[in-house]
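Just so we're aligned, residue 1 is where the sequence shown starts under the UniProt record's numbering, counting upward by one.
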Amino acid sequence: EKIVIPKTLPFITLLGDARDRPTITGNDTASVTGSDGALLRTFNSATVAVNASYFIAINIKFEGK
Numbered sequence: 001e002k003i004v005i006p007k008t009l010p011f012i013t014l015l016g017d018a019r020d021r022p023t024i025t026g027n028d029t030a031s032v033t034g035s036d037g038a039l040l041r042t043f044n045s046a047t048v049a050v051n052a053s054y055f056i057a058i059n060i061k062f063e064g065k
C-alpha cells in the first residue's frame, strides 16, 4: 500500500511511539511496472507522497529497500 496525502488535506500529523518507533517501508523503484502495465517512473514510485501543506511526521521512520 502507498500513503498519499492530497493537497486538500492540510495539517496532517503522523505520530509514532518514541520508544517503539514505527517504520513505513517501501521497495518500489522507477523501473517497476504498475497495475496498468506502465512503468511507475520516479514520481509514482514513492511509498509516501505528501502534497498537502503543514505535514508533520514525529517519531516515524521512513525507509526504502
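Beta carbons: idealized from backbone N, C-alpha and C, even for Gly.
Could you check where the beta strand (DSSP E) with residue 62 kicks off and where it finishes?
The continuous beta strand (DSSP E) containing residue 62 extends over residues 61-64.
Within its chain, find whatever has a CB closer than 6 Å to the CB of residue 53; leave out the 5 residues flanking it on each side and keep chain order.
10
Reference residue 57, options 15, 1, 3 and 4, closest by Cα:
15
What are the complete alpha helix (DSSP H) segments, minimum 4 residues, inside the UniProt domain "Pectinesterase catalytic" (1-63)?
41-44
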